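Engineer: Same order as they appear, the protein sequences are chains C, S, H and F.
Take 0 as the starting number for the first sequence in numbering that gives the first Met the number 0 and just add one per residue.
Take 0 as the starting number for the second sequence in numbering that gives the first Met the number 0 and just add one per residue.
Take 0 as the starting number for the third sequence in numbering that gives the first Met the number 0 and just add one per residue.
Take 0 as the starting number for the fourth sequence in numbering that gives the first Met the number 0 and just add one per residue.
Just so you know, even glycine gets a beta-carbon here, dropped at the ideal spot from N, CA and C.
Predicted model, so just to flag it, every value in this text is computed and none were measured.
Protein chains: 4
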Amino acid sequence: MSTPLSDGSSRAGEGILAHPCGARSARVHERVLVATAALLDEGGCAAATVDAISARSGVSKATIYKHWPSRTAIAAKAFGRMMASDTPLPDTGTTAGDLTEMVRRVSAFYASPRGRIFAELVAACVGDPAGAPYFRAYFLAGRRTAITQLWNRARERGDVDPDISVDDVIDILFGPLIFRLLTDHLELTEENATRLAETALTGLLRPNTNPS
Amino acid sequence: MSTPLSDGSSRAGEGILAHPCGARSARVHERVLVATAALLDEGGCAAATVDAISARSGVSKATIYKHWPSRTAIAAKAFGRMMASDTPLPDTGTTAGDLTEMVRRVSAFYASPRGRIFAELVAACVGDPAGAPYFRAYFLAGRRTAITQLWNRARERGDVDPDISVDDVIDILFGPLIFRLLTDHLELTEENATRLAETALTGLLRPNTNPS
Amino acid sequence: MSTPLSDGSSRAGEGILAHPCGARSARVHERVLVATAALLDEGGCAAATVDAISARSGVSKATIYKHWPSRTAIAAKAFGRMMASDTPLPDTGTTAGDLTEMVRRVSAFYASPRGRIFAELVAACVGDPAGAPYFRAYFLAGRRTAITQLWNRARERGDVDPDISVDDVIDILFGPLIFRLLTDHLELTEENATRLAETALTGLLRPNTNPS
Amino acid sequence: MSTPLSDGSSRAGEGILAHPCGARSARVHERVLVATAALLDEGGCAAATVDAISARSGVSKATIYKHWPSRTAIAAKAFGRMMASDTPLPDTGTTAGDLTEMVRRVSAFYASPRGRIFAELVAACVGDPAGAPYFRAYFLAGRRTAITQLWNRARERGDVDPDISVDDVIDILFGPLIFRLLTDHLELTEENATRLAETALTGLLRPNTNPS
DNA sequence: GTATAATCGAGACGGTACGTCAAGTCTTATG
DNA sequence: CATAAGACTTGACGTACCGTCTCGATTATAC
């Protein structure tokens, strides 16, 4: 993998996400992540208490706090690892098809039990400045690389304006889903996802009224 | 009544948001909301503890819990009231201009101190099923009516496809902002907001590659 | 009893030793003291953890900390109550006999399992400024009243210099025992106690060499 | 050497107080004691954490635990060394004067900052069976030799009953002070010390009522 | 001189208890 | 009967210090 973020032990270059390293530490680190992943799946973020993680992993609380700044950070990394391999890129032949399919998949994920965990994780990062970087590094980054590949493919095909930033693309396509996931004001059905994607791809305004 | 949401006391018809009524209750209700609003402004969601609200308002905890299901619910309503009158509609003359301006304003709001409170509120509603309806009713609904007006104006002008749901419009325009607000992965500058709005209005794909 | 210190609930006049009162509080208070006494007897001061007291009494830690400033304080009061009735005054007919007997009894107490607890309690009060007053109020005070009675009897008999403060008497008779108990440098046997008492009663110097 | 207790390095013959020896060990030993003494003076026993001693001395925790059984042991030895030379014998010309002066000096010491450390040390030895011998060996023993000399002088002068054990003398004179130091029930003023000494020297009972 | 043990530093680790906090429930007395 | 006042249970928090334990590096003697 091109991102060095999802390995289990600490390396130089991880910046603020550093922690003790060495053979023992690596083992401890691993056990914590495995235990946390299990707890997340069983009871969501609320179950991934530091006490619970400690009890389940056999790693003491004090040690855990030497590796991570907060429970959110642990959960983010554990969850990021759980999701790491779950995202094969769609390849429908057209840019519109690929992006729409991607939105549908992400919507389906958000609607799944793990989608709830994702939402809780996003929520937990608000007001946990220490955990947020972990979430971005171990979860959002992975998502981002996937979209970037799709977008680059679209650029090569000439289907899109190359001036549009991939950041904006990501946020316009998935921001609405996340908003709905969090505030639960509209259901995350496949139909809704498709419509949303198509509207975003086409634009809200009629061509002749575009601002340019 | 088009907006039954922003009045200060309980009415029949509020459904799950009901609570004791009567003269004493109304006074109690009011004092709680005022105290909560003050606490929110001073220290964010974290400061709006039920204990703190109780102490500040002089209303006992037991009474508070007879009026609201959770602290999130109180905060949502108090915050919704704070924001109620702050949103004059933009009127630039063009649909694109109006919507872009709206996005810029919301972005600026999110970037402000009260934007943080908004984020904390959204986060708090995840995993507080009791509080979420309050947030939707007392905050999101207000936002929604504003956009609906703009959108209707656009429809009348013939600038937009009338089949596009206003729900999708709202989420495509503001979902990205909220996503950025929550995960803090991109700054909420005016420039970013403008670019985001324009991209959303125009669409991600080039006209000739539209899926239809 | 003349001292208002050993009752189970809070009263005006207890000064710094105050705590919540009322029917519920009184019950809570009682349960904590009973549990603590049991723990002390079973495992000494080390066993009387706040967590353990909480678990055993069914009273939550937070509540415990509203009633007492520290575990030492609880232990002191619980131990004081355990000891409250255990001290019938000796009555041998002579002042020397009474005081010597008292020293022997206290020495025997110190040599007993509960003597260890007493030592641990004294030790715990050093460096727990919050707990120390409880120890003095609920334990030392009781001891003091007993000696005072003996000393008054001796004064009435004319056996002693009325200018000698009862404080000095107490400390000269029992200080040595406590010193030995704590540092364990000499055994607390009946023989040693008797000799110590007699030496203290007679004085260290020969009469004709007295400082006066 | 009559007192093998106050030297800085280990020797065969110290019995249970043995530890590694050799040139390196001696240096390590020394550094630990110096660091501990400094910590004691700065923050009392509470500051003389094993971690703190390790950090300050540059000696690793593992090594420390090869030399001493517990932190109390280290503190006792370090404190004993600090006090080693501080006790010139009084020489007022009379036995009563010498002993009284001695009590006054010890009382003043107890009332000083280092007196607090002494108290904490005594307290720490209760419930630390491993540390207690160190305290007796490195601190009490020194005190004891001083009093023994005074007492022998008194015996030679014929001022005292030669049957009275020096142990009893020590405890009757200083036990009261220690008791007051620990439980803080009476102040350690010069006046109190003098009165206490005089009462102890004269005896609690009037001559004609002595038990013999 | 070099083996070969002891000894050391650095500090991670499991464990136990700490004292605190806020949520939400429950009791009692007052109006 | 709704309130005020606030005690109470619950459960998690993050910290502190303990004493043990790997490691690998450093001695210092015994060969």
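When you compare the CB of residue 185 of chain F with every CB in chain H, is at least one pair closer than 8 Å?
Structural biologist: Locating residue 185 of chain F in the fourth sequence gives position 186, where the first residue counts as 1. With 8 Å as the cut-off, residue 185 of chain F counts as an interface residue toward chain H.
Engineer: Check whether chain S comes within 8 Å of residue 125 of chain C, counting only Cβ atoms and requiring the distance to be less than that.
Structural biologist: Within the first sequence, numbered from 1, the residue matching residue 125 of chain C stands at position 126. With 8 Å as the cut-off, residue 125 of chain C counts as an interface residue toward chain S.
Engineer: Compare the C-alpha of residue 55 of chain H against each of H:88, H:176, H:38 and name the closest.
Structural biologist: In the third sequence, counting from the first residue as 1, residue 55 of chain H sits at position 56. Comparing Cα positions, the closest option is H:38.
Engineer: Counting C-beta neighbours from all protein chains within 10 Å, is the total for residue 64 of chain C 16 or more, i.e. buried, or is it exposed?
Structural biologist: Counting from one through the first sequence, the residue named residue 64 of chain C turns up at place 65. Residue 64 of chain C should be labelled exposed.
Engineer: So, at 7 Å on beta carbons, what are the nonlocal neighbours of residue 49 of chain H in its own chain, with the 5 sequence-adjacent residues on each side left out?
Structural biologist: To locate residue 49 of chain H, count along the third sequence from 1; it is residue 50. Excluding residues within five positions, the ones whose Cβ falls inside 7 Å are 60, 63, 70.
Engineer: Can you give me the C-alpha to C-alpha distance between residue 134 of chain F and residue 177 of chain F, rounded to a whole angstrom?
Structural biologist: What you label residue 134 of chain F is simply residue 135 of the fourth sequence in a count that begins at 1. What you label residue 177 of chain F is simply residue 178 of the fourth sequence in a count that begins at 1. Approximately 15 Å between the Cα atoms of the pair.
Engineer: From residue 75 of chain H to residue 122 of chain H, what distance separates their C-alpha atoms?
Structural biologist: Working through the third sequence from its first residue, we reach residue 75 of chain H at position 76. Working through the third sequence from its first residue, we reach residue 122 of chain H at position 123. Those two C-alpha atoms are separated by around 11 Å.
Engineer: Using the beta-carbon of each residue, which ones in chain H are nearer than 7 Å to residue 48 of chain F?
Structural biologist: Locating residue 48 of chain F in the fourth sequence gives position 49, where the first residue counts as 1. The premise fails here: residue 48 of chain F is roughly 14 Å from chain H at the closest Cβ pair, so nothing lies under 7 Å.
Engineer: Report buried or exposed for residue 198 of chain F, applying the criterion of at least 16 other Cβ atoms within 10 angstroms of its Cβ.
Structural biologist: Counting from 1 along the fourth sequence, the entry for residue 198 of chain F is found at position 199. Its Cβ being crowded by 16 or more others within 10 Å, residue 198 of chain F is buried.
Engineer: With a threshold of 8 Å between beta-carbons, can residue 188 of chain S be considered close to chain C, or not?
Structural biologist: Numbered from its first residue, the second sequence carries residue 188 of chain S at position 189. It does not; no Cβ of chain C falls within 8 Å.
Engineer: On the three-state DSSP scale, how would you describe residue 125 of chain S?
Structural biologist: Position 126 of the second sequence holds residue 125 of chain S. Note: residue 125 of chain S maps to coil in three-state DSSP.
Engineer: Run through chain C and tell me which residues come within less than 8 Å of residue 175 of chain S, C-beta to C-beta.
Structural biologist: Counting from 1 along the second sequence, the entry for residue 175 of chain S is found at position 176. The answer, in chain order, is 167, 170, 171, 174, 175.
Engineer: Here's a check: name, in chain order, each residue in its chain whose Cβ is nearer than 8 Å to the Cβ of residue 157 of chain F, leaving out the five neighbours to either side.
Structural biologist: Numbered from its first residue, the fourth sequence carries residue 157 of chain F at position 158. So the list is empty, once near-sequence residues are dropped.
Engineer: Who does residue 204 of chain F pair with in a DSSP beta bridge?
Structural biologist: Counting from one through the fourth sequence, the residue named residue 204 of chain F turns up at place 205. BP columns for residue 204 of chain F point to H:159.
Engineer: Who are the near neighbours of residue 57 of chain C in its chain, counting only those whose CB is closer than 7 Å to its CB and skipping five residues on each side?
Structural biologist: Position 58 of the first sequence, counting from 1, holds the residue named residue 57 of chain C. These residues qualify, in order along the chain: 30.
Engineer: Given this structure, state the Cα-to-Cα distance separating residue 196 of chain S from residue 175 of chain S, to the nearest angstrom.
Structural biologist: Position 197 of the second sequence, counted from the start, is the residue given in the question as residue 196 of chain S. Position 176 of the second sequence, counted from the start, is the residue given in the question as residue 175 of chain S. Cα to Cα, residue 196 of chain S sits roughly 10 Å from residue 175 of chain S.
Engineer: Sort H:191, H:154, H:161 by Cα distance to residue 172 of chain H and report the nearest one.
Structural biologist: For the purposes of this step, residue 172 of chain H is taken as residue 173 along the third sequence, with counting starting at 1. Of the listed residues, the one whose Cα sits closest to residue 172 of chain H is H:191.
Engineer: Quick one: what's got a C-beta closer than 7 Å to residue 97 of chain S's C-beta in the same chain, skipping five residues either side?
Structural biologist: For the purposes of this step, residue 97 of chain S is taken as residue 98 along the second sequence, with counting starting at 1. Hits under 7 Å: 89, 90, 91, 149.
Engineer: Taking a contact to mean a Cβ-Cβ separation below 8 Å, would you say residue 200 of chain C touches residue 107 of chain C in this structure?
Structural biologist: What you label residue 200 of chain C is simply residue 201 of the first sequence in a count that begins at 1. What you label residue 107 of chain C is simply residue 108 of the first sequence in a count that begins at 1. No; because the gap between Cβ atoms is not below 8 Å, this pair is not in contact.
Engineer: CA-CA distance, residue 21 of chain H and residue 83 of chain H?
Structural biologist: To locate residue 21 of chain H, count along the third sequence from 1; it is residue 22. To locate residue 83 of chain H, count along the third sequence from 1; it is residue 84. Cα-Cα distance, rounded: 24 Å.
Engineer: Looking at C-alpha atoms only, which residue of H:116, H:67, H:51 is the closest neighbour of residue 18 of chain H?
Structural biologist: On the third sequence, residue 18 of chain H is found 19 positions in, with the first residue counted as 1. It is H:67.
Engineer: Between residue 221 of chain H and chain F, is there a C-beta pair that is closer than 8 Å?
Structural biologist: No answer is possible for residue 221 of chain H: the residues shown for chain H start at 0 and end at 211.
Engineer: Find the nearest neighbour of residue 202 of chain F within the set H:115, H:160, H:93, judged by alpha-carbon distance.
Structural biologist: If you number the fourth sequence from 1, residue 202 of chain F lands on position 203. Of the candidates H:115, H:160, H:93, the one whose C-alpha sits nearest the C-alpha of residue 202 of chain F is H:160.
Engineer: In this structure, how does DSSP classify residue 44 of chain C when only helix, strand and coil are distinguished?
Structural biologist: Reading the first sequence from its first residue, position 45 is the one you call residue 44 of chain C. DSSP places residue 44 of chain C in helix when its eight states are reduced to three.
Engineer: Which residues in the same chain as residue 13 of chain S place their Cβ atom closer than 6 Å to its Cβ, once the five residues preceding and following it in sequence are excluded?
Structural biologist: As a first step, residue 13 of chain S must be located in the second sequence, where it is residue number 14. At residue 13 of chain S the pLDDT is 48, less than 50, meaning the model places this residue with poor confidence and gives no usable figure here.
Engineer: Under 8 Å between C-beta atoms, does residue 108 of chain C make it to chain S?
Structural biologist: Looking up residue 108 of chain C in the first sequence gives position 109. Chain S, which has no Cβ nearer than 8 Å to the Cβ of residue 108 of chain C, makes this no.
Engineer: I'd like to know whether the C-beta of residue 161 of chain F is nearer than 8 Å to at least one C-beta of chain H.
Structural biologist: The residue you call residue 161 of chain F lines up with position 162 of the fourth sequence. No, residue 161 of chain F does not count as interfacial toward chain H.
Engineer: By the criterion of Cβ-Cβ separation under 8 Å, what are the contact partners of residue 134 of chain C in chain S?
Structural biologist: The sequence position of residue 134 of chain C within the first sequence is 135, counting from 1. Neighbours of residue 134 of chain C on chain S, chain order: 182.
Engineer: Using beta carbons (cut-off 8 Å, strictly below), is residue 102 of chain F in contact with chain H?
Structural biologist: Here residue 102 of chain F corresponds to residue number 103 of the fourth sequence, with the count starting at 1. Not closer than 8 Å to any Cβ of chain H, the Cβ of residue 102 of chain F fails to qualify, so no.
Engineer: Should residue 194 of chain H and residue 170 of chain F be called a contact, given that it needs their Cβ atoms to be closer than 8 Å?
Structural biologist: Reading the third sequence from its first residue, position 195 is the one you call residue 194 of chain H. Reading the fourth sequence from its first residue, position 171 is the one you call residue 170 of chain F. Against a cut-off of 8 Å, the Cβ pair of residue 170 of chain F and residue 194 of chain H comes out as no contact.
Engineer: Is there a Cβ from chain H that is less than 8 Å from the Cβ of residue 179 of chain F?
Structural biologist: Against the fourth sequence, residue 179 of chain F aligns to sequence position 180. Closer than 8 Å to some Cβ of chain H, the Cβ of residue 179 of chain F qualifies, so yes.
Engineer: Suppose you measure from the CA of residue 162 of chain H to the CA of residue 112 of chain H; what does that come to, to the nearest Å?
Structural biologist: Taking the first residue of the third sequence as position 1, residue 162 of chain H is located at position 163. Taking the first residue of the third sequence as position 1, residue 112 of chain H is located at position 113. The alpha-carbon atoms of residue 162 of chain H and residue 112 of chain H are separated by roughly 37 Å.
Engineer: Three-state secondary structure (DSSP) at residue 150 of chain S?
Structural biologist: For this step, residue 150 of chain S is matched to residue 151 along the second sequence. Reduced to three states, the DSSP call for residue 150 of chain S is helix.
Engineer: Starting from residue 80 of chain H, trace the alpha helix (DSSP H) in both directions and tell me its first and last residue.
Structural biologist: To locate residue 80 of chain H, count along the third sequence from 1; it is residue 81. Looking at the DSSP string, the run of the alpha helix (DSSP H) that includes residue 80 of chain H is 70 to 82.
Engineer: Using C-beta distances below 8 Å, list every residue in its chain close to residue 181 of chain F, excluding the 5 sequence neighbours before and after it, in chain order.
Structural biologist: Walking along the fourth sequence from the start, residue 181 of chain F turns up at place 182. Cβ within range, chain order: 118, 121, 122.
Engineer: Determine the direct distance from the alpha carbon of residue 41 of chain S to that of residue 145 of chain C, and round the result to whole angstroms.
Structural biologist: To locate residue 145 of chain C, count along the first sequence from 1; it is residue 146. To locate residue 41 of chain S, count along the second sequence from 1; it is residue 42. Computed Cα separation, rounded: 41 Å.
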